[in-house]
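Residue numbers (the working numbering): 3 to 167.
Backbone N, C-alpha and C define an ideal beta-carbon position, used for all residues, glycine too.
Written below as structure tokens is the structure these notes are about.
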Ligand code: FES
Ligand code: FES
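Written out as structure tokens, the structure is:
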């Protein structure tokens, strides 16, 4: 595999000039080149959502998102959500609710929730269920995860910590 394609990305607020292979996914680049291992490689087939990251604020499957196609885009991983020692409100809500067991799905769940919160600050429980329905949790913690997501939505805080509409 030859990494011969230059790509410039903003990752968690920092610029990165990288070289990627045509077949590299953004998950490959994050985990293998940048050692950002928050996004998990679960199914690697677009099914489980463990690899969810934000590209320009949209939740995407990292394993299915071509890295070269992200040229110029802003990528946010779970490592980029907190501000120093201050957790993002979605992270805070997940901790408060105890919305994790093994934690493998948690980065993807948190980022999918953060994207929903940003896109739809008045999301209903049904919207939350719908938004998280394609993120799988093998520990069967869905109820508490949905409760945590709803608690985060009630804070009305967007990605980056600014007050929501
Ligand atoms: S690892 Fe990407 S959806 Fe499962
Ligand atoms: S907490 Fe283990 S997979 Fe969700």
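For residue j and residue i, the rounded distance between their alpha carbons
i: residue 166; j: residue 120; result: Unreliable positioning characterises residue 166 in this predicted model, as indicated by a pLDDT of 35, which lies under 50. A coordinate reading is not provided.
i: residue 148; j: residue 50; result: 17 Å
i: residue 156; j: residue 109; result: 20 Å
i: residue 61; j: residue 143; result: 21 Å
i: residue 117; j: residue 92; result: 10 Å
i: residue 23; j: residue 14; result: 22 Å
i: residue 7; j: residue 54; result: 23 Å
i: residue 48; j: residue 137; result: 10 Å
i: residue 36; j: residue 3; result: 17 Å
i: residue 5; j: residue 33; result: 15 Å
i: residue 17; j: residue 72; result: 13 Å
Proximity test, residue i beta-carbon vs ligand 1 heavy atom, cut-off 7 Å
i: residue 141; result: no
i: residue 46; result: yes
i: residue 174; result: Because the chain is modelled from 3 through 167, residue 174 falls outside the range shown and cannot be assessed.
i: residue 72; result: no
i: residue 80; result: no
i: residue 49; result: yes
Closer than 7 Å: residue i CB and nearest ligand 2 heavy atom
i: residue 106; result: yes
i: residue 145; result: no
i: residue 93; result: no
Among the options, nearest to residue i - alpha-carbon criterion
i: residue 83; options: 38, 6 and 28; result: 38
i: residue 131; options: 152, 106 and 81; result: 152
i: residue 21; options: 55, 68 and 64; result: 68
i: residue 52; options: 88, 135 and 44; result: 44
i: residue 59; options: 71, 76 and 70; result: 76
i: residue 79; options: 5, 137, 4 and 111; result: 111
i: residue 203; options: 124, 115, 73 and 139; result: Here the chain comprises residues numbered 3 to 167, so residue 203 is not present and cannot be evaluated.
i: residue 97; options: 32, 154 and 3; result: 154
i: residue 145; options: 101, 23, 14 and 42; result: 101
i: residue 64; options: 95, 30, 89 and 36; result: 30
i: residue 27; options: 106, 81 and 70; result: 70
i: residue 74; options: 10, 5, 127 and 33; result: 10
i: residue 25; options: 56, 66, 12 and 42; result: 66
### Query
Of all the alpha helix (DSSP H) runs that stay within the bounds of the segment 97–138, which reach a length of 4 or more residues?
108–121 and 127–134
### Query
Hey, which unbroken runs of the alpha helix (DSSP H) at 4 residues or more fall wholly within the segment 54–99?
91–99
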